[in-house]
Amino acid sequence: AQTIHQWPVAEIKAVGSPLSLGCTIKGKSSPNLYWYWQATGGTLQQLFYSITVGQVESVVQLNLSASRPKDDQFILSTEKLLLSHSGFYLCAWRTGGGSNERLFFGHGTKLSVL
Amino acid sequence: AQKVTQTQTSISVMEKTTVTMDCVYETQDSSYFLFWYKQTASGEIVFLIRQDSYKKENATVGHYSLNFQKPKSSIGLIITATQIEDSAVYFCAMREGTGGYKVVFGSGTRLLVSP
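Protein chains in written order, with our numbering: chain A, 1 to 114; chain U, 1 to 115.
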């Protein structure tokens, strides 16, 4: 069975500090991976997606970057955090096309920028 | 550009009743996929049900069903025999079919089921 693990579970960071959030998928080769951001009480905003190692597409510019260093790993990062980066970050993988297509989400990382 | 709109911010119902949540979408694609997800109080997001644009029959999974009205670009979620544990935020989402990787979500509807 496929599992998705996000780390850390929560972070409290200072404005201007760097950030790195991680996501690992096990049991699935070459998964399509997504990063979403959710403000408190808000919708899910897609940030990035990746269909293969080394290839990442940006959906919205929020002064964040993403990388896919390994087939099963997706990293979200920034060198300088802003207050507006606070929120809930979710990694997801999309099953293949057809009737079983859906997104499976990790448990998320809660980020507080102070 | 694709867009998903949920106008109901919150709904309160009594247990064991039926509730309908609205969702309208915008797309230029003739082929698209519609989804409903549930976010629990812990933040966990789980897939509930989907509808493919080319299918005329409304999807049904357990006590979830869809009311797909293609001419109105509408995909309502119906929950029958609601339970306390159905209390959550429900999101409607869409992916365009022509090789699109973007999955756009609506703003969500908070459902509160009371005993």
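The beta-carbon is built from N, C-alpha and C at its ideal position, and this holds for glycine as well. Because the structure is a prediction, the values reported are computed rather than measured.
- Residues of chain U with a Cβ closer than 9 Å to the Cβ of residue 49 of chain A are, in chain order, 101, 102 and 103.
- Per DSSP, the continuous beta strand (DSSP E) segment holding residue 69 of chain A begins and ends at 65-70.
- Comparing C-alpha distances from residue 13 of chain U to each of U:23, U:85, U:38 and U:26 shows the shortest one belongs to U:85.
- A distance below 9 Å separates the beta carbons of residue 102 of chain A and residue 50 of chain U.
- The C-beta of residue 80 of chain A comes no closer than 9 Å to any C-beta of chain U.
- Cβ contact annotation for residue 88 of chain A (same chain, cutoff 6 Å, sequence separation greater than five): 38, 108 and 110, in chain order.
- DSSP places residue 103 of chain A within a strand segment (E or B) once states are collapsed to three.
- Residue environment: residue 31 of chain A is assigned as buried (16 or more neighbouring CB atoms within 10 Å of its CB, all protein chains considered).
- Annotation: residue 22 of chain U is outside any beta strand (DSSP E) and is labelled neither H nor E by DSSP.
- Against chain A, a Cβ distance below 8 Å from residue 107 of chain U picks out 42 and 43.
- Residue 114 of chain A is positioned such that its CB atom lies no closer than 9 Å to that of residue 77 of chain A.
- With 16 or more other CB atoms across the displayed protein chains lying within 10 angstroms of its CB, residue 66 of chain A is buried.
- Of all C-beta pairs linking the region 69-85 of chain A to the region 13-29 of chain U, fewer than three are shorter than 8 Å, placing the two stretches out of contact.
- Taking 7 Å as the Cβ-Cβ cut-off, the region 36-50 of chain U approaches chain A at 43, 44, 45, 47 and 50, given in chain order.
- The alpha carbon of residue 62 of chain U has as its nearest neighbour, out of U:100, U:28, U:108 and U:77, the alpha carbon of U:77.
- By the C-beta density criterion, residue 56 of chain A is buried, having at least 16 other C-beta atoms within 10 angstroms.
- Ranking A:82, A:63 and A:81 by CA distance to the CA of residue 48 of chain A puts A:63 first.
- Under the Cβ criterion of 9 Å, residue 107 of chain A is counted among the residues facing chain U.
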